[in-house]
Amino acid sequence: MKINIQVGDVLKVAADVLISTANPWLNLSGGVNGAILSAVGPTIQDELHAYLKSHAISAVPAGTVVRSRAGNLPFDCILHAVAIDPFYDSSIELVRKTVVSALDLAIRAGAKTISTPTLATGYGPMAIADFGTAVAPLADNPKFDEISFTIVVRSEDHLSELANAISVARVQA
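See below:
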């Protein structure tokens, strides 16, 4: 898998699929989710709440990935990745598991290009470097060889921190 890192707005990075942060209640309440709600209106929020209702649940477990339409955003779909638990806790292992699930779902959807913010680093407890440590081993997984994976961060400092963490983790693997 080719990993790219860039500074910018993840909603403006054209890709087949966006992996978005999500909370267990699938509420588009802040961060990237809030930006999705602002850009698209309530249709995606309604779709996510309909998912919960159709499964007769009020929340999904950590590690769950739920697919929705993308509205007017430049993606074929959005994969809402829950890389936190209900207490907003997370771990490198949970983030890795969640990203693998999202990548598998993206591949099944025919995606070749995927963009994502760093999961579990906004409202979640993890550092940008932790996200890098979580995803670095996936670059060498042959089942992801055909994917271009773009991680979008908000600053040059985050870009440097993430790039360094990915490099270190790949050397240690």
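Note that full-length UniProt numbering gives residue 32 to position 32 of the sequence shown, counting from 1, and the numbers run on in steps of one. No residue lacks a Cβ here, since even glycine has one placed at the ideal position from N, Cα and C.
Proximity to residue i [Cα-Cα], best of the options
i: I147; options: A50, V7, A15, E93; result: A15
i: P24; options: V65, Q172, P125; result: V65
i: L37; options: I78, A120, D104; result: I78
i: L11; options: H158, R154, V168; result: R154
i: L52; options: P74, G71, M1, L26; result: L26
Unbroken beta strand (DSSP E) run spanning residue i, endpoints
i: I19; result: 17–21
i: R67; result: 65–68
i: A81; result: 77–81
i: S91; result: From DSSP, S91 is part of no beta strand (DSSP E); its letter is neither H nor E.
Range covered by the alpha helix (DSSP H) that runs through residue i
i: F87; result: Counting along the chain, F87 falls outside any alpha helix (DSSP H), and DSSP gives it neither H nor E.
i: residue 253; result: Nothing in the structure corresponds to residue 253, since the chain is present only between 1 and 173.
i: T133; result: 128–135
i: T121; result: It is not in any alpha helix (DSSP H) - T121 carries neither H nor E in the DSSP assignment.
Below-8 Å beta-carbon distance, residue i vs any chain C residue
i: A35; result: Absence of chain C from the displayed structure is noted, only one protein chain being present.
Proximity below 8 Å, CB of residue i to CB of residue j
i: A111; j: D140; result: no
i: T150; j: N4; result: yes
i: G132; j: L94; result: no
i: L18; j: I44; result: no
i: I166; j: A136; result: yes
i: G124; j: S90; result: yes
Sheet register partners of residue i (DSSP bridge)
i: K2; result: S148
i: V153; result: V7
query: Does the pairing of the stretch 96–108 with the stretch 75–88 give three or more beta-carbon distances under 8 Å?
result: Verdict: yes, contact present.
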